[in-house]
Amino acid sequence: MEQQWTKEELIEYFSLLQPERQLIEAKNFETRLGFAVLFKYFQHEARFPDRAEDVPLPVIEFLAKHLRVSTDHFNSPSFLYKHKMT
1 MEQQWTKEEL
11 IEYFSLLQPE
21 RQLIEAKNFE
31 TRLGFAVLFK
41 YFQHEARFPD
51 RAEDVPLPVI
61 EFLAKHLRVS
71 TDHFNSPSFL
81 YKHKMT
């Protein structure tokens, strides 16, 4: 995923539709941002990120702002990689 995004691109590709917002807001408050990041990343890339660093900070900040949560809620690598099979 590219690392630099314009405001217009963030709005176009990472805005949450109402059904998406309802799905995300049904999650635990602490995991909403991580879930939203994985959800939108998968929509855009058709895969999950391999590492937390693969997700651009502007995307995390954009989603955090729209969910009204701190970006600190994205600092849990264990949540990010629960989707991986071991």
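Using UniProt numbering, the first residue of the sequence shown is number 1, and each one after it goes up by one.
We put the CB at the ideal spot given by N, CA and C, even for glycine.
With the cut-off set at 8 Å, would you say residue i and residue j are in Cβ contact?
{"i": "Leu63", "j": "Leu33", "result": "yes"}
{"i": "Pro56", "j": "Gln18", "result": "no"}
{"i": "Leu23", "j": "His66", "result": "no"}
Around the Cβ of residue i, are there at least 16 other Cβ atoms within 10 angstroms (buried) or fewer (exposed)?
{"i": "Thr86", "result": "Reliability of the predicted coordinates at Thr86 is poor, the pLDDT of 44 falling under 50, and the value obtained from them is presented with this limitation in mind. Exposed."}
{"i": "Ala46", "result": "exposed"}
{"i": "Ala36", "result": "buried"}
{"i": "His44", "result": "exposed"}
{"i": "Lys40", "result": "buried"}
{"i": "Phe29", "result": "exposed"}
{"i": "Phe42", "result": "exposed"}
Mapping the DSSP letters down to three states, classify residue i as helix, strand or coil.
{"i": "Pro49", "result": "coil"}
{"i": "Tyr6", "result": "Per the sequence shown, residue 6 should be read as Thr rather than Tyr. In the structure shown, Thr6 sits in coil (DSSP, three-state: anything other than H, G, I, E or B)."}
{"i": "Pro56", "result": "coil"}
{"i": "Val37", "result": "helix"}
{"i": "Met85", "result": "Since pLDDT at Met85 reaches only 44, below the 50 mark, its modelled position is unreliable, and the value read off the structure follows with that caveat. Of the three classes helix, strand and coil, the one that applies to Met85 here is coil, per DSSP."}
{"i": "Arg32", "result": "helix"}
Could you pull out every residue in the same chain whose Cβ sits closer than 7 Å to the Cβ of residue i, ignoring the five residues on either side in sequence?
{"i": "Asp54", "result": "Met1"}
Flag residue i as yes if its beta-carbon sits less than 8 Å from any beta-carbon of chain D, otherwise no.
{"i": "Met1", "result": "This model lacks chain D altogether, as it is built from one protein chain only."}
Only counting the same chain, and skipping five residues up and downstream in sequence, which positions put a Cβ closer than 6 Å to that of residue i?
{"i": "Trp5", "result": "Pro58"}
{"i": "Asp72", "result": "none"}
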